Structures are given as C-alpha cells and as structure tokens.
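> Line order of the protein sequences matches chains A and B.
Using the working numbering, read the first sequence as starting at 1 and increasing by one per residue.
Using the working numbering, read the second sequence as starting at 115 and increasing by one per residue.
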Amino acid sequence: GAGVSQSPSNKVTEKGKDVELRCDPISGHTALYWYRQSLGQGLEFLIYFQGNSAPDKSGLPSDRFSAERTGGSVSTLTIQRTQQEDSAVYLCASSPRGMSQPQHFGDGTRLSIL
Amino acid sequence: AQKITQTQPGMFVQEKEAVTLDCTYDTSDQSYGLFWYKQPSSGEMIFLIYQGSYDEQNATEGRYSLNFQKARKSANLVISASQLGDSAMYFCAMREEQDTGRRALTFGSGTRLQVQP
C-alpha cells in the first residue's frame, strides 16, 4: 500500500518568507509526527497528533512554527518568517496506535533558506 | 544526560562479516520500547527492529538482531552477514511510557556503517 507522502520534496526560499510543508500519512494511522533533521544530525521531535486529541507541540522551536492536521489525515507544517537556521530536512511519520508500533517515515522535505 | 547514546560515529565492516552497533539508553520508566532505523544516503528512514522492555527474548528480524541487556540499559543492533547495501546511517530510538501524552521517538546521533567489499 501507499506509504507516507510528503511534498514538496525540495523547497528553496528566501529568508523571511513563509513556507508550508505537507504530509499525507498512511491510511488508518491515527498518530502523525513531524521531526527535523539537520545535516549529519539525528532527528529532533517537533509536534505530534493523535486522533482528535490536542496536539503535543512541545518540540516546536519557536512560535514561527505551527502545524495542523485536518480531518485526522493530512497535516501541514508552516514556518513563518523563515530564518537560515530553519534549513533542514523535515520528516513526517505516522503510526497506528500502540506502544510497539513503529513509525513509518516519508521521504522528507529538504528546506533550504537562502 | 542524553537519553540515547550511540558512541560510534562511524564503523567499517567487511562484506559477509557480522557487525554490532552500540546503543545505550537512559530512562526511569519500567515500560518503554527501543527501535532501530536505517537511513541510506537517499534519506528515507527504514524501520528495522523493535524491542519492548518487557520482552524476555531478544528481537530478531532476518539478518538483524537486537542484543538487549536491560540491566545495563543497552540495546545493540547486530547485523549478520553484512552486505554492501547495508552501508547507511543507523539510528537507535526510544519511546517511553511515561510520556503519556506523546508517543514521539527520542533518537540517538547515529552510526554511519560502511561495508567494504
């Protein structure tokens, strides 16, 4: 079946512009996560959605970052007034409910801020 | 203190040999899960293997096995019969039960494995 789909795969934008990154999770997966991976680094948690519960935003680095998930499916991560330090690969993952369930990742969006 | 520590930034192994990638973790939770992911140069994150804290047997998935030593808080990944396609970054990650509102994974910094012919 289809995996986690992210778009765009690459995004280059000027400092100060707003960007929107999209994630389409695996059908039936109730949990959705956003992570950020800087060059050569591990993954940094950003935000988590589970069903209709309030999202866990504890990983968002600043108030310029926000995310929403519409209809329990597609999610959009928005970065306002981008800065050069926002340059990274943004990865989305989804999973079924359950402690032992692995997260399935999309191919990511590579964001470059000029 | 870091929750997940991978002390080997890079490893080399000869094709067809076995290799162990180290991972230690820090948690006060009794219930937690440990995961290993592979990230090839193409960038996708591929799930390899899972070990639950209450699992009495070490997890195995094909050529991958997890050497779980709970008292030492280590969860090393063993890859048997290495193949050239195993060359990639490998990440150890943990999910803790105490994070009741959050099921996100905490990742280590990764180990870059290079398999040599």
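We treat Cβ as the ideally placed atom computed from N, Cα and C, and that holds for glycine.
Keep in mind the model is a prediction, meaning the values are calculated, not measured.
In terms of alpha-carbon separation, which member of A:96, A:4, A:15 and A:39 lies closest to residue 224 of chain B?
Per the Cα distances, A:39.
> Go to residue 82 of chain A, then tell me how far its beta strand (DSSP E) extends in each direction, as first and last residue.
No beta strand (DSSP E) contains residue 82 of chain A, which DSSP labels as neither H nor E.
> So what's residue 200 of chain B in DSSP terms, helix, strand or just coil?
If DSSP states are grouped into helix, strand and coil, residue 200 of chain B belongs with the helices.
> Residues in the same chain with beta-carbon distance under 7 angstroms from residue 90 of chain A, minus the five sequence neighbours each way, listed in chain order, please.
Closer than 7 angstroms at the Cβ level, and outside the excluded window around residue 90 of chain A, lie 21, 34, 36, 77, 108, 109 and 111.
> Name the DSSP bridge partner or partners of residue 166 of chain B?
For residue 166 of chain B, which the question treats as bridged, DSSP gives the partners B:147.
> Taking the alpha carbon of residue 74 of chain A as the point to measure from, which residue in A:51, A:103, A:64 and A:82 has its own alpha carbon closest?
Checking every option, the nearest Cα to that of residue 74 of chain A belongs to A:51.
> Which residues bound the beta strand (DSSP E) around residue 190 of chain B?
Where residue 190 of chain B is concerned, the enclosing beta strand (DSSP E) stretches over 188 to 193.
> Give the straight-line distance between the Cα atoms of residue 185 of chain B and residue 138 of chain B, rounded to the nearest whole angstrom.
In a straight line, the C-alpha of residue 185 of chain B is about 11 angstroms away from that of residue 138 of chain B.
> In terms of residues, what are the limits of the beta strand (DSSP E) holding residue 107 of chain A?
Careful: residue 107 of chain A lies outside any beta strand (DSSP E) and carries neither H nor E.
> Select from the stretch 71 to 91 of chain A all residues with a C-beta closer than 7 angstroms to any C-beta belonging to chain B, and list them in chain order.
Answer set for the stretch 71 to 91 of chain A: 89 and 91.
> Chain A beta carbons: is any one of them nearer than 8 angstroms to that of residue 290 of chain B?
As displayed, chain B neither begins before 115 nor continues past 231, which places residue 290 of chain B out of reach and without an answer.
> Report the option in B:170, B:156, B:155 and B:181 whose CA atom is closest to the CA atom of residue 163 of chain B.
Comparing Cα-Cα distances from residue 163 of chain B to each of B:170, B:156, B:155 and B:181, the minimum goes to B:181.
> How about the stretch 16 to 30 of chain A and the stretch 86 to 100 of chain A: do they share at least three Cβ pairs that are nearer than 8 angstroms?
Yes: the two stretches touch, three or more of their Cβ pairs being nearer than 8 angstroms.
> Just to make sure I have the definition right: I need the residues of chain A whose C-beta is within less than 9 angstroms of the C-beta of residue 164 of chain B. Which are they?
Going along chain A in sequence order, the residues near residue 164 of chain B (Cβ under 9 angstroms) are 100, 101 and 102.
> Shortest alpha-carbon distance to residue 9 of chain A belongs to which of B:158, B:127 and B:132?
Of the candidates B:158, B:127 and B:132, the one whose C-alpha sits nearest the C-alpha of residue 9 of chain A is B:158.
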